[in-house]
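J.:
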Amino acid sequence: MIKRFIKKIFPRRYRLLKSPIHRLASFDEGYYLRRYPDVKEAVLRGQYALGLEHFYTVGQFEGRRPNALWKIIFPQAGMTKSSEKGRFFPSTNLDLLIPSSLNPELSIVMDGSDVHQNIFLLLSSLLREKLDSFEIIIVNGQDKEGMKRVQGLKMISLEKGQSFFEKTVEIVKGTYILFLAGEIRLFAKSVSSALEVMKSSERMGAVGAKIMDARGVLLEAGGVISQQGLCESRGFGDLPFRSQYLYKKEVDFFSPSFFLTRKDFLMKYQEALARDWVGYCLRLQKDGWEIVYHPSSMVVYFGESFLQSQKKFQPPVRKIQNKKRILYLDDRIPHIFLGSGFPRTNVILKLMVQMGYFVTFYPKTDSYEKLPRIYQDIPLEAELVVDRELTHFEKFLSGRKGFYDILFVSRPHNMQTIQELRQKNPDLFRNLKIIYDAEAVFGLRKVREMELKGKHFSEEEVKKMISKEIEITKNCDAVISVSEKEASLFRNQGCRDVHVLGHAVEVLPTPPSFHERKNFLFVGPLNYCHSPNADAVLWFSQKIFPLVLKSLSEEVNFTRVGYNQCRIIERLKHSRIRQLPRIEDLKATYDAFKIFVVPTRFSAGIPLKVLEAAAHGIPVVATPLVAEQLGWKNGYELLVGQDEQRFAEQCVRLYQDEKLWNHIRQNALHRVQQDCSMENFSGRLKMVLEETLNSVRV
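For the sequence shown, the working numbering begins at 35 and goes up steadily by one.
1) Using the three-state DSSP reduction, which class does Gln676 fall into: helix, strand or coil?
2) Taking the C-alpha atoms as reference points, what is the distance between Ala521 and His533?
3) Can you have a look at Met484 and say buried or exposed, based on whether 16 or more other CB atoms are within 10 angstroms of its CB?
4) On a CA-only basis, which of Val326, Ile211, Arg68 and Asp321 is nearest Arg268? Give me that one, please.
5) Is it buried or exposed for Phe437, if we count other Cβ within 10 angstroms and need 16 for buried?
6) What do you get for Arg249, buried or exposed, if any count of 16 or more other CB atoms within 10 angstroms of its CB means buried?
7) Jot down the residue ranges of each uninterrupted alpha helix (DSSP H) in the region 174-260, minimum 4 residues, whole runs only, in chain order.
8) Classify His537 as buried or exposed, calling it buried when 16 or more other Cβ atoms lie within 10 Å of its own Cβ.
9) Which stretch, first to last residue, makes up the beta strand (DSSP E) that contains Glu324?
10) Check whether the Cβ atoms of Gly375 and Pro559 lie closer than 7 Å to each other.
11) If the criterion is Cβ atoms closer than 7 Å, does the pair Met449 and Ile500 meet it?
12) When we look at the beta-carbon of Lys23 and count the other beta-carbons within 10 Å, is it buried (16 or more) or exposed?
13) Is DSSP giving Ile629 helix, strand or coil here?
14) So what's Tyr66 in DSSP terms, helix, strand or just coil?
15) Might you give, ordered along the chain, the residues of its own chain that have their beta carbon closer than 8 Å to the beta carbon of Met721, omitting 5 neighbours on each side?
16) Only counting the same chain, and skipping five residues up and downstream in sequence, which positions put a Cβ closer than 6 Å to that of Ile132?
17) Going by alpha carbons, who is nearest to Ala661 out of Lys643, Val557 and Leu318?
18) Is His447 helix, strand or coil by DSSP?
19) Comparing the C-beta of Val77 with each C-beta of chain D, is any distance below 7 Å?
20) Going by other Cβ atoms of all chains shown within 10 Å of its Cβ, with 16 needed for buried, is Phe715 buried or exposed?
21) If you check the beta carbons only, do His330 and Asp421 fall under 7 Å apart?
22) Only counting runs of 3 or more residues, tell me where the beta strand (DSSP E) segments fall wholly within the region 466-534, in order along the chain.
23) Enumerate in chain order the residues of its own chain whose CB-to-CB distance from Val590 is below 8 Å, with the five nearest sequence positions on each side excluded.
24) What do you get for Tyr670, buried or exposed, if any count of 16 or more other CB atoms within 10 angstroms of its CB means buried?
25) Exposed or buried, which one is Asp286 when buried takes at least 16 other CB atoms within 10 Å?
26) For Val387, which residues of its own chain have a beta-carbon under 7 Å away from its beta-carbon, when the five flanking residues on both sides are left out?
27) For the beta strand (DSSP E) that Met144 lies in, which residues bound it at each end?
28) Name, in chain order, the residues that DSSP records as bridge partners for Ala656.
29) Do the region 629-636 and the region 646-657 meet, that is, are 3 or more Cβ pairs less than 8 Å apart?
30) Run through DSSP, which three-state label would Ile410 get?
31) Buried or exposed: which applies to Thr451, given that a residue is buried once 16 or more other Cβ atoms fall within 10 Å of its Cβ?
32) In its own chain, which residues sit with a C-beta less than 8 Å from the C-beta of Ile408, not counting the 5 before and 5 after it?
33) To the nearest angstrom, how far is it from the Cα of Ser737 to the Cα of Arg635?
34) Rounding to the nearest angstrom, what Cα-Cα distance links Arg530 and Phe270 in this structure?
35) I want to check one thing, is the minimum distance from the CB of Leu253 to the heavy atoms of the ligand GTP below 6 Å?
36) For Thr399, which of Leu363, Asn380, Ser226 and Asp619 has the nearest alpha-carbon?
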């Protein structure tokens with residue numbers, strides 16, 4: 035009853051409650067461990083620092099409850115009371131061994147004055163990181179007897195009047211130093227991922243973590259200095275997995291709960307550090323070193339006081355003010371494995387970040403991906419808006435009015451939405467340049483699809499359909515097309531500043547020879563049963579492959595690789611046809627197969643799957659449509675089969691003729707290298723962005 039009431043009266047809040055991203059606001063550690071004994075055992079073994087970590091990484095996707103009434107209530111965000119300090123950490127009788135290292139890369143320094151019985155689980159969290167070379171030092175440890183059970187632990191005590199940092203610099207051996215508060219728990223890989231970031235750039239000065247309380251409420255995602263000079267914990271009291279806390283970001287300072295820096299910096303700026311952590315960070319910034327918040331490093335904190343300082347500081351000059359900002363709109367978070375133009379979007383997004391732009395990627399649909407995997411192939415410097423839908427875009431843009439320099443839009447339905455919003459509220463788009471990325475002219479694909487079903491269009495009807503799609507680019511500052519042929523369609527309709535930006539593909543030919551390979555391969559996701567890929571797989575499996583089997587004396591298989599949302603394909607029953615799920619690294623797959631088939635009968639743009647297969651050295655048999663899209667010649671860079679019989683003949687011919695196989699392979703490799711180099715792609719993209727920024731609207 036209550037659930038239905040909330041769904042009816044507060045529909046948006048109901049959606050938030052269902053989203054895994056928002057459930058942690060009501061997390062109850064004690065309830066979770068009591069309800070799930072297997073999780074409690076895993077925490078005791080040191081597999082997880084807390085039940086909270088288990089819920090974040092596994093439990094929420096298994097349907098486990100973070101508290102007794104998680105579907106109904108959201109408690110007020112705030113800090114864990116000091117009386118709850120340590121209550122969720124069961125005691126353990128395990129002894130710990132810290133590996134010795136004569137020249138450790140990392141020194142981990144912990145304040146032991148408030149650790150007490152929690153020392154073992156904290157140390158267990160550090161040991162499960164499996165760091166290559168490190169040492170652990172406890173300063174002013176109180177639990178003397180308990181610490182005797184930890185072998186390899188270094189303990190130091192401060193003399194009266196002695197500075198904590200002076201003593202630390204004297205004794206530590208590591209190149210890098212990580213300061214940890216005693217009353218914390220570490221999520222998996224928090225230390226190793228922060229160390230990786232620290233070593234990723236010569237300009238890195240310090241790295242800090244995302245810090246939460248025991249209920250999963252955010253305490254800090256880095257700190258900022260306000261214009262009034264006051265220290266503020268970024269995100270305090272908010273939900274920790276909102277978009278603005280998921281990407282790597284330069285900040286002004288961190289609290290000392292998790293603070294990674296370099297030993298030589300401590301020695302150089304020791305005077306600033308002795309006064310205040312904030313002053314140390316500001317001094318690093320002043321000398322050009324980066325202070326970076328890293329979202330993959332996560333800490334649960336149980337202390338009483340949290341805000342670093344109430345002193346006033348001079349606000350630093352922030353680098354992000356000098357960066358140009360891009361808001362990127364597309365259907366989904368552009369993971370490479372999705373196909374359908376998203377691999378190209380992925381490359382564009384990465385290049386924008388590498389060029390120094392601050393990029394916010396806004397997917398049309400709300401993301402319900404597993405949080406640890408959202409950034410699996412996306413640069414951490416990009417902001418991904420994962421907690422909103424396209425219906426909230428106007429509110430989002432209004433909240434950041436004047437912030438972005440470029441709005442980069444992919445796919446016609448998204449561009450149509452922008453044009454409607456622009457007519458409704460033109461003030462939002464003042465001084466905002468708009469680039470439309472025509473990854474494909476979808477009207478062409480629709481025409482070809484309907485013709486396969488027996489519906490034919492006159493030349494005038496085709497022009498009208500394409501004209502309607504191109505009309506949405508009116509008043510755009512630039513248009514990007516994937517080929518000269520499709521670019522000419524935009525130019526003929528009067529579009530200005532039309533650029534060609536195809537695909538970026540690295541040439542990596544696999545070594546096995548003609549005689550070391552066998553079988554036929556198709557790679558591509560089947561997003562729905564009426565997609566071009568699904569049609570291609572069905573046509574080849576039912577009409578072409580049986581003809582191939584009749585013509586070849588040896589036994590061969592046809593394998594399709596990629597995730598499948600089409601039940602018709604799942605029901606294909608043939609001893610020689612194999613269906614494989616998505617494979618992260620296709621190198622071994624490309625190594626094994628002799629022929630790559632692309633029996634695509636309707637599509638638009640340029641087929642990336644062909645370029646990737648050719649770049650790995652697998653010759654291609656395709657339809658005339660694919661050859662036309664690529665601009666490749668039959669018998670030179672690929673073989674073409676215009677109907678079922680001819681397609682099957684070309685497959686058999688290429689499968690049996692070693693000389694032809696090597697001829698097609700070498701020519702295709704050369705063509706991909708010539709047309710799709712990352713250097714050329716990056717140069718063209720950079721030119722488009724810079725020219726658009728510098729252009730003046732007429």
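Using N, Cα and C, we set each Cβ at its ideal position, and we do this for glycine too. None of the values given here were measured: they were computed from a predicted structure.
T.: Based on what the coordinates show:
1) coil
2) 7 Å
3) exposed
4) Val326
5) exposed
6) buried
7) 178-181, 198-205 and 224-234
8) buried
9) Glu324 to Tyr335
10) no
11) no
12) The requested residue 23 is not part of the displayed model; the chain covers only 35 to 732.
13) strand
14) helix
15) His533
16) Ile170, Gly186 and Leu187
17) Lys643
18) helix
19) This model lacks chain D altogether, as it is built from one protein chain only.
20) buried
21) The identity of residue 330 in the sequence shown is Ser, whereas the question assumes His. No, Cβ-Cβ distance for Ser330 and Asp421 is not below 7 Å.
22) 467-472, 512-515 and 532-534
23) Lys552, Asn553, Phe554, Val582, Leu583, Arg610 and Tyr689
24) exposed
25) buried
26) Val393, Pro413, Glu415 and Ala416
27) Leu140 to Asp145
28) Val632 and Val674
29) yes
30) A quick correction: the sequence has Gln, not Ile, at residue 410. Three-state DSSP puts Gln410 in coil, outside helix and strand.
31) buried
32) Leu280, Ile367, Ser401, Leu418 and Val420
33) With the chain running from 35 to 732 in the structure shown, residue 737 is simply not present.
34) 47 Å
35) The ligand GTP is not among the ligands present in this structure, which contains no ligands whatsoever.
36) Leu363
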